[in-house]
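Taking it in order: structure first as structure tokens, then the write-up.
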Amino acid sequence: MHLQAECWHPLCTPGLSRIPLRGSFMRILLCTTFLALTSAAASAQSVPIKMGLWEKTMTTSNGSGTPETTKSRSCVTPEEWKAMDANVTRKREGCTSGAVRNAKGYIFNSTCTIGETTLVINGSTTVPDAEHIVTESHTTSTRNGKKTQTDSKSASHFVSADCGKVQPGEPEDVN
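Just so we're aligned: the sequence shown equals residues -44 to -1, 1 to 131 in mature numbering (1 follows the signal peptide of the UniProt record, and there is no 0).
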């Protein structure tokens, strides 16, 4: 299987963006989950989040071992925000999705079929203020009749108006 992952969000985890996926179901799952999570985060903002350097910590657990935590930094500019916001309503091939706005964000759901795999993603994004985004999701994937459950939690926070060495559109891993 060869799929092209597209993780367009400026707070995207490095390594998920525009990478060939050959038989790596976990990368497909993480990218698709991230698209759903960040689409809701983008829509939840009636006023844009602060522009500048953001840091995101994402923990993913599939119940079969130690949860995996990744941390990245991204530079969000007005241009990046505009592009991200425009992508929120874009239709994605093989997916149906919906989001219901609440007082501080969104509750979202998405169903995607990628080859022989079906993903059902349910979650919420909370944007308490212009400096914080918190997202939680539960994903059920079914491939060849076998179901896998994955839970993800992501917390992003504004760091600084100065992005330093982090370039827009090029998120960096934080060690």
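Beta carbons are placed, not taken as given, at the ideal position from N, Cα and C, and that holds for glycine.
**Study point:** Proximity to residue 93 [Cα-Cα], best of 14, 5, 8
**Key:** Numbered from its first residue, the sequence shown carries residue 93 at position 137. Residue 93 has its Cα closest to that of 14, out of 14, 5, 8.
Check your understanding: CB-CB under 6 Å to residue 112, same chain, minus the five flanking residues each way: which ones, in chain order?
Key -> What you label residue 112 is simply residue 156 of the sequence shown in a count that begins at 1. The beta carbon of residue 112 sits closer than 6 Å to the beta carbons of -34, 10, 12, 89 from its chain, once the five residues preceding and following it are set aside; these are given in chain order.
**Study point:** Closest residue to residue 48 among 68, 131, 61, 29 (Cα-Cα distance)
**Key:** In the sequence shown, counting from the first residue as 1, residue 48 sits at position 92. From the listed residues 68, 131, 61, 29, the smallest Cα separation to residue 48 is found for 68.
**Study point:** Beta-carbon separation (whole angstroms), residue 130 vs residue 31, contact threshold 8 Å
**Key:** Working through the sequence shown from its first residue, we reach residue 130 at position 174. Working through the sequence shown from its first residue, we reach residue 31 at position 75. Incorrect: roughly 13 Å between the Cβ atoms, too far for contact.
Point to revise | C-beta contact flag for residue 117 and residue 8 at 8 Å | key: Sequence index remark: in the sequence shown, residue 117 carries index 161 (1-based). Sequence index remark: in the sequence shown, residue 8 carries index 52 (1-based). For residue 117 and residue 8, yes; Cβs fall inside 8 Å.
Review point. Helix or strand or just coil, what does DSSP make of residue 84?
Key: The sequence position of residue 84 within the sequence shown is 128, counting from 1. Per DSSP, reduced to three states, the secondary structure at residue 84 is strand.
Check your understanding: In the DSSP assignment, what residue or residues form a beta bridge with residue 18?
Key -> To locate residue 18, count along the sequence shown from 1; it is residue 62. Residue 18 pairs with nothing; no bridge assigned.
Review point. Taking Cβ to Cβ, would you say residue 16 is nearer than 8 Å to residue 108?
Key: For the purposes of this step, residue 16 is identified with residue 60 of the sequence shown, where counting begins at 1. For the purposes of this step, residue 108 is identified with residue 152 of the sequence shown, where counting begins at 1. Against a cut-off of 8 Å, the Cβ pair of residue 108 and residue 16 comes out as a contact.
**Study point:** Cut-off 6 Å between Cβ atoms - residues of its own chain near residue 3, not counting five sequence neighbours on either side
**Key:** For the purposes of this step, residue 3 is taken as the residue at position 47 of the sequence shown. At residue 3 the pLDDT is 44, less than 50, meaning the model places this residue with poor confidence and gives no usable figure here.
Review point. By Cβ distance below 8 Å, which residues in the same chain neighbour residue 84 in space, the five residues on each side in sequence not counted?
Key: Taking the sequence shown and counting its residues from 1, one reaches residue 84 at position 128. Excluding sequence neighbours, residue 84 sits near 60, 90.
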